[in-house]
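Okay, structure first, notes after.
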Amino acid sequence: MSEASWWRGAAIYQIYPRSFMDTDGDGVGDLPGIISKLDYVASLGVDAIWIAPFFRSPMTDFGYDIADPCDVDPLFGTLADFDTLLAKAHALGLKVMIDQVLSHTSNEHAWFKESRESRDNPKSDWYVWADAKDDGSAPNNWLSLFGGSAWQWEPRRGQYYLHNFLASQPDLNFHNPDVCAAVLANLRFWLDKGVDGFRLDSINFCFHDRALRDNPPKPKEKRVGRGFSPDNPYAFQYHHYNNTQPENLKFLGDLRALMDGYTDVAALGEISSEDSLATMAEYTRPGRLHMGYSFELLTDDFSATYIRDTVQALEAQMDQGWPCWAISNHDVERVITRWGRGHASTSLANLFTAVLCSLRGSVCIYQGEELGLTEVDVPYEALQDPYGIAFWPQFKGRDGCRTPMPWSDETNGGFSAGTPWLPVPQEHRELAVVLQEHDPHSVLNGFRTFMHWRKAQPALCVGEISFIDMPEPVLAFTRRVDDETVLVIFNLGEAAVDVSLPALGALHALEGHGLLTGAVHGDGLRLPGYGAWFARVV
Numbered sequence: 333m334s335e336a337s338w339w340r341g342a343a344i345y346q347i348y349p350r351s352f353m354d355t356d357g358d359g360v361g362d363l364p365g366i367i368s369k370l371d372y373v374a375s376l377g378v379d380a381i382w383i384a385p386f387f388r389s390p391m392t393d394f395g396y397d398i399a400d401p402c403d404v405d406p407l408f409g410t411l412a413d414f415d416t417l418l419a420k421a422h423a424l425g426l427k428v429m430i431d432q433v434l435s436h437t438s439n440e441h442a443w444f445k446e447s448r449e450s451r452d453n454p455k456s457d458w459y460v461w462a463d464a465k466d467d468g469s470a471p472n473n474w475l476s477l478f479g480g481s482a483w484q485w486e487p488r489r490g491q492y493y494l495h496n497f498l499a500s501q502p503d504l505n506f507h508n509p510d511v512c513a514a515v516l517a518n519l520r521f522w523l524d525k526g527v528d529g530f531r532l533d534s535i536n537f538c539f540h541d542r543a544l545r546d547n548p549p550k551p552k553e554k555r556v557g558r559g560f561s562p563d564n565p566y567a568f569q570y571h572h573y574n575n576t577q578p579e580n581l582k583f584l585g586d587l588r589a590l591m592d593g594y595t596d597v598a599a600l601g602e603i604s605s606e607d608s609l610a611t612m613a614e615y616t617r618p619g620r621l622h623m624g625y626s627f628e629l630l631t632d633d634f635s636a637t638y639i640r641d642t643v644q645a646l647e648a649q650m651d652q653g654w655p656c657w658a659i660s661n662h663d664v665e666r667v668i669t670r671w672g673r674g675h676a677s678t679s680l681a682n683l684f685t686a687v688l689c690s691l692r693g694s695v696c697i698y699q700g701e702e703l704g705l706t707e708v709d710v711p712y713e714a715l716q717d718p719y720g721i722a723f724w725p726q727f728k729g730r731d732g733c734r735t736p737m738p739w740s741d742e743t744n745g746g747f748s749a750g751t752p753w754l755p756v757p758q759e760h761r762e763l764a765v766v767l768q769e770h771d772p773h774s775v776l777n778g779f780r781t782f783m784h785w786r787k788a789q790p791a792l793c794v795g796e797i798s799f800i801d802m803p804e805p806v807l808a809f810t811r812r813v814d815d816e817t818v819l820v821i822f823n824l825g826e827a828a829v830d831v832s833l834p835a836l837g838a839l840h841a842l843e844g845h846g847l848l849t850g851a852v853h854g855d856g857l858r859l860p861g862y863g864a865w866f867a868r869v870v
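As numbered in our numbering, the sequence shown has no gaps in its residue numbers, which increase by one up to the final residue, 870.
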């Protein structure tokens, strides 16, 4: 793969700074903590890191409410710390992507503080303001993802402002070209520092419908969502007007033009729309984002049929763009709990990694997945996530996947000398890095083995994908690049299965991936539970 397209097929390791490593004892991870663990990250065989927000913020949404996007919050360190991090990562061969939250800011941002003061100040049109209806109610029926109306009254202006997320996260008005220019200037600041790319949070939320039309109601039987549950009122509407507007495409073009002025950088957009796969395809066409990812594999469904249908549906639409897949992140239940359904094991954890990293596209891997970390049942009194507090007890929020990394089996998992912002449970301390490092059969070493092996398989990194119909629980496909074709077969079930091998030609089994694997008997394959088989088609 050429240096200019390092991101194609890249394995991107997501770091959630609050929970990675704390060096100053305040119970919250920091940039020096990341620096101290970069050698560990490099040993995993990943290509890049994506660091969740570390910018100045009042932390009502733990950094996704940004008060100054061009400075480091003192909780995490300094700009000098970031420069050190960037230099060390590059010295280790790791690319560095950072989160950017473009659609909204914190209500503590200087822009918003000025905008809210009056209807005629220089920043008065930088956010989405609207008059109340005659009865004093909100301008329309738009809802916040985090519960209730998406409109908040501001007495200084005598108007409502839009917030698609928390009320402390007012939405910027991208219909104002000055806003677009200012946002791009913030990106330029980090590009000039030498970052290798951006993960763009909620990138389809930048523009809203100018006419503020009501969203239509969604029938009960269609109330399913990605990143929110069917009983969240947000699921009760089709979100046709509060996001994914056609004007966003020109902005993506301007963003791409900015990035094209730099060498070897990439933009990865997070997309959550009414048809996320279609939006991914649209947003990654030439001249727009380099990559797009959605919540389509961050679901409860782990059937071969669902994975095949989801990827095929995207492939049918994404004729020119490049996908990025994730099965875990800081917003959803950990995959070993969500897909494992009580059957957590080393072989299953490593199978999940192999399935993800064998699909066409780049991949995002959330910190701790290489250890097989489970979802933590955080008690109500320890919850920090405003999303979980609002919807408890039906939905406990995102804290269960955000607990600190267990580096050792000692108190607090070696994460902090102080009291961690979220608890480190005993079951995670038993999966600590120090315990897994020297166990050749651990999830961690299985992860390393597979990731390093994958790098030597061009077909798995950048090849085309073509699925082969097989009965549940078998997932099978080929990956092809140039004159090399690799057959991939996974048994997603706990019991062994017998598989009829497709008539593709002579098959030469590939070894060294470290997974449970099968044996060929004639034209059939016996594959153990949670097993995988890779073969080169000769």
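A virtual CB, placed ideally from N, CA and C, is assigned to each residue, including glycine.
Those residues which DSSP pairs with residue i across a bridge
i    : result
I381 : Y345, V428
R797 : The question names Arg, but residue 797 in the sequence shown is Ile. Partner(s): R811.
A841 : A867
F521 : F521 pairs with nothing; no bridge assigned.
F823 : In the sequence on display, residue 823 carries Asn and not Phe. V806, per the DSSP bridge assignment.
V829 : L859
M623 : L600, W654
V852 : L857
H422 : Per DSSP, none; premise fails for H422.
Other residues of its chain near residue i: CB distance less than 7 Å, five sequence neighbours each side excluded
i    : result
T355 : D362, P364, G365, S368
Q491 : W461, A462, D463
R489 : R448, S450, R451, W461
E335 : Because E335 sits at a pLDDT of 43, beneath the cut-off of 50, its placement in the model cannot be relied upon, and the following sentence gives the value as read from the coordinates. Within the same chain, E335 has close Cβ partners D596.
L688 : W657, I659, V695
T716 : Note that residue 716 is Gln in the sequence shown, not Thr. Around Q716: D731, W753, L754.
D663 : G559, R730
W443 : T437, K455, W458
D405 : F386, F387, R388, S389
G409 : D362, L363, P364
Test item: CB-CB of residue i and residue j under 9 Å
i    : j    : result
C733 : N661 : yes
V818 : A838 : no
V433 : I381 : no
P903 : H436 : Not covered by the structure: residue 903. The range shown for the chain is 333 to 870.
E707 : R666 : yes
G357 : A599 : no
V378 : L417 : no
L590 : R620 : no
E804 : T631 : no
V643 : D528 : no
V765 : Y372 : yes
G863 : S677 : no
V852 : L824 : no
F782 : T849 : no
L498 : C538 : no
D393 : S500 : yes
H507 : E579 : yes
Y345 : Q699 : yes
Sequence-distant residues of the same chain with beta carbon closer than 6 Å to residue i, five excluded per side
i    : result
W485 : Y492
E796 : R812
P757 : V708
M612 : I603, G624, S626
G601 : L532, I535, Y615, L621, G624
N472 : L544, D546
Any non-hydrogen atom of the ligand FMN within 8 Å of residue i CB
i    : result
G729 : Ligands in the displayed structure: none, and consequently the ligand FMN is not present.
Neighbourhood of residue i by C-beta distance below 8 Å, restricted to the same chain and skipping five residues each side
i    : result
E606 : Y570, H571, H572, T576
P548 : Q569, Y570, H572
M333 : Bear in mind that a pLDDT of 35 at M333, under 50, signals an unreliable position, so the number given afterwards is only what the model happens to contain. Cβ within range, chain order: R340, G341, P790, C793, V794.
R617 : Q652, G653
E702 : L376, T685, V775, L776, F779, R780
D403 : F387, R388, L411
Closer than 9 Å to chain B by CB, residue i
i    : result
T392 : Reference to chain B is not applicable here, since this structure consists of a single protein chain.
**Stretch pair the stretch 850-859 + the stretch 827-834: three plus CB contacts closer than 8 Å** = yes
**Prompt:** In chain order, which continuous runs of the alpha helix (DSSP H) of length 4 or greater are located wholly inside the stretch 530-574?
**Reply:** Here no run is fully enclosed.
**Request:** Go through the stretch 681-736 residue by residue and report every complete run of the beta strand (DSSP E) that reaches 3 residues or more, in order.
**Result:** Within the stretch 681-736, the complete beta strand (DSSP E) runs of at least 3 residues are 694-698.
**Message:** Threshold first: 4 residues or longer. Then list the alpha helix (DSSP H) segments lying entirely within the stretch 364-418, N to C.
**Reply:** 370-375
**Request:** Evaluate contact between the stretch 719-731 and the stretch 550-564, counting only Cβ atoms and requiring at least three cross-stretch pairs below 8 Å.
**Result:** yes
**Request:** Taking 8 Å as the threshold, find out whether the stretch 839-849 comes into contact with the stretch 760-776 through three or more Cβ pairs.
**Result:** no
**Message:** Restricting to runs no shorter than 4 residues, where is the alpha helix (DSSP H) found entirely within the stretch 439-482?
**Reply:** Listed in chain order, they are 442-447.
**Item:** 3 or more residues per run - each beta strand (DSSP E) lying fully within the stretch 484-509
**Value:** If we require 3 residues or more, the beta strand (DSSP E) runs fully inside the stretch 484-509 come out as 491-494.
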